[in-house]
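Student:
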Amino acid sequence: MGQTILKYTGKLLLLVLFQVVILNQIRFSGYMTPYVYVAFILLLPLNFPKTGLLILAFILGIIMDSFSDSLGMHTSACLFMAFLKPTVINIVSGKREYGDDISPTIKNMGIRWVIFYTFLMVFLHHLFLFFIEIFSFREFFSTITRAFLSSLFSTLLLIIGYFIFEKSTR
Amino acid sequence: MRNIINFIKRQHFFFLFLLLQIIAFILIFQNHNYQRSFFVNSANNFAGSIYQSYSGMTEYLRLKQINEQLAEEINNLRHYTENSFLVNDKHVFTHHDTLYKRQFLYINAKVINNSVFNRSNYITLNKGRAHGVKPDMGIITNNGIVGIITNVSENFSSAMSFLHAGVKISARHKNSRHLGTLQWDGYNYRKATMLYIPPHVSLNKGDTIVSSGYSLIFPENIPIGTISDYHISKGENFYSVSIDLFLDYNNIEYVSIVKNLMKEERQALEEKSQTPF
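Heads up: the sequence lines are chains L and U, in that order.
Heads up: the first sequence begins at 15 in our numbering, then just goes up one per residue.
Heads up: the second sequence begins at 6 in our numbering, then just goes up one per residue.
(1) Roughly how many whole angstroms lie between the Cα atoms of L25/U and I146/L?
(2) Is it right to say F43/U is buried, meaning 16 or more other beta carbons lie within 10 angstroms of its own, or is it exposed?
(3) Checking the sheet assignment: what are the DSSP bridge partners for V116/U?
(4) Spell out whether any CB of chain U is found under 7 Å from the CB atom of F62/L.
(5) Which residue from L31/L, A161/L, F154/L and S84/L puts its Cα closest to that of H139/L?
(6) State the Cα-Cα distance for the pair V260/U and E77/U, rounded to the nearest angstrom.
(7) Mind pulling the chain U residues with CB within less than 8 Å of T47/L?
(8) Quick check on R126/L: does DSSP put it in helix, strand or coil?
(9) For chain U, is any of its Cβ atoms less than 7 Å away from the one on F72/L?
(10) Against G108/L, what residues of chain U qualify as contacts under a CB-to-CB distance less than 7 Å, listed in chain order?
(11) Closer than 7 Å, CB to CB, is I10/U near chain L or not?
(12) Counting only runs of 4+ residues fully inside the segment 194-243 of chain U, write out the alpha helix (DSSP H) ranges in chain order.
(13) Name, please, each residue of chain L whose Cβ falls closer than 7 Å to the Cβ of L21/U.
(14) How should M142/U be labelled, buried or exposed, when 16 other C-beta atoms within 10 angstroms of its C-beta is the threshold for buried?
(15) Determine contact between the segment 54-62 of chain L and the segment 8-24 of chain U, defined as no fewer than three beta-carbon pairs at a distance below 8 Å.
(16) Which residues of chain U have a Cβ atom closer than 7 Å to the Cβ of T89/L, listed in chain order?
(17) Answer yes or no: does any C-beta atom of chain L fall closer than 7 Å to that of Y127/U?
(18) Between S163/U and chain L, is there a C-beta pair that is closer than 7 Å?
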């Protein structure tokens, strides 16, 4: 139990630091702002307790918010994403059944499942975040474009990350 | 009653989500009402110190640019030294302090975190309450307006950048002295839009836009940018003017925080005359 908590805390800190110190500093373009710290929620086991899921999403969001001065926005987006996680898994999996405690890794689920799942989750998060950020529907289509392009970019970075880390742990 | 409790128990996932989401939204609105927001911002000491050490690591990579900026600033100051004026009158002046009462003080600060690509961007500075910084002070450089302080901790302060959806600045067309409202419209951090200039004003491309001095936050005549384009949209009564900003927001290192010594006096007076009898 203690080991699991330690593992999750380490993962969370690494992802947030990577996001804040590296990704937030490299500025690609106004249309592409990747947020990969959401991988923490994505990589939780499929049958992770739902209550814990929301609480972890809340903690992750608060930490991100305190770094980016967006008080509450990341928290709100993370919660939204975590809330829809079970639904997304159902949509992506279709009729397939999975055993207990399985992690959504490429080895376990196959590359197509992982890409589809990652993109859908990341897109939900980015869309919610960007709309919260401007807080109006005035720039409706440009916000959707931003969310879509940013999600593509985040997904690409995440898939590359999965390949690197899964290989090294094997 | 028991039915309601059972219902909540069954739907606990949804209700927990709702509860946490409401907390998140309270945080967001508290932030908009920025005087009251509390520890979760980058002015807190943990995030602040990480940003400071990061900025310390990358600073030396930009030393050349910083030197150039400093040289330029020194050059600008040289315009005002005594040596650059020819004394051509023989009268004797006595300098009364009552003629020149100081209105603005400037606190030098370094930018330790900055962004330009979000719709609403924020800046963190390495000066805080200990150095006399307070919320609502303006931030400027010698060629533009940087932002407005929102939160202050002991040693750091965080600010809304001019590149923020909620920031509007009172600006003036330098030649005609007509007023307008300047705001950023997202995407390109080198451009801004100026609204509410009436159509009888004659504008030219390349005209300079400066700050108006009507606000309590920024002093008058800070250069902001030049007009790159202007037009009147159909059905509008005012020009919408595109501005090329002088300041490269992606590359600000040292800034001055503006302290308006007569702010309270002016604010009290204006509030007094606006309240009905």
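Each residue gets a CB set at the ideal place from its N, CA and C atoms; glycine is no exception.
Note that the structure is predicted; figures quoted are calculated from it, not measured.
Tutor: Considering the structure as presented:
(1) Start at 1 with the first residue of the second sequence, and residue 25/U comes out as number 20. Start at 1 with the first residue of the first sequence, and residue 146/L comes out as number 132. Roughly 16 Å between the two C-alpha positions.
(2) Working through the second sequence from its first residue, we reach residue 43/U at position 38. Caution is warranted here: a pLDDT of 49 is assigned to F43/U, below 50, making its placement in the model unreliable, and the coordinate value is therefore given only provisionally. Exposed: under 16 other Cβ atoms inside 10 Å.
(3) Your numbering for residue 116/U matches position 111 in the second sequence. Note: V116/U sits in a beta bridge opposite L130/U.
(4) Taking the first residue of the first sequence as 1, we reach residue 62/L at position 48. No - not a single Cβ of chain U is within 7 Å of the one on F62/L.
(5) Taking the first residue of the first sequence as position 1, residue 139/L is located at position 125. Nearest option by C-alpha distance: A161/L.
(6) Translated into positions along the second sequence, residue 260/U becomes position 255. Translated into positions along the second sequence, residue 77/U becomes position 72. Between V260/U and E77/U, the C-alpha separation is close to 14 Å.
(7) If you number the first sequence from 1, residue 47/L lands on position 33. Here the neighbours are F122 and N123.
(8) Stepping through the first sequence from its first residue, residue 126/L is reached at position 112. Residue state, collapsed to three classes: helix.
(9) Mapped onto the first sequence, residue 72/L falls at position 58. So, interface residue.
(10) Reading the first sequence from its first residue, position 94 is the one you call residue 108/L. In chain order: nothing, as chain U lies at least about 22 Å away.
(11) Position 5 of the second sequence, counting from 1, holds the residue named residue 10/U. No - not a single Cβ of chain L is within 7 Å of the one on I10/U.
(12) none
(13) Position 16 of the second sequence, counting from 1, holds the residue named residue 21/U. Those within 7 Å of L21/U in chain L are T65 and L68.
(14) The sequence position of residue 142/U within the second sequence is 137, counting from 1. Buried.
(15) No: fewer than three Cβ pairs fall under 8 Å.
(16) Counted from its first residue, the first sequence places residue 89/L at position 75. Listed along chain U are A29 and L32, each with a C-beta nearer than 7 Å to that of T89/L.
(17) Position 122 of the second sequence, counted from the start, is the residue given in the question as residue 127/U. Closer than 7 Å: yes.
(18) Indexing the second sequence from 1 puts residue 163/U at position 158. Yes, contact with chain L.
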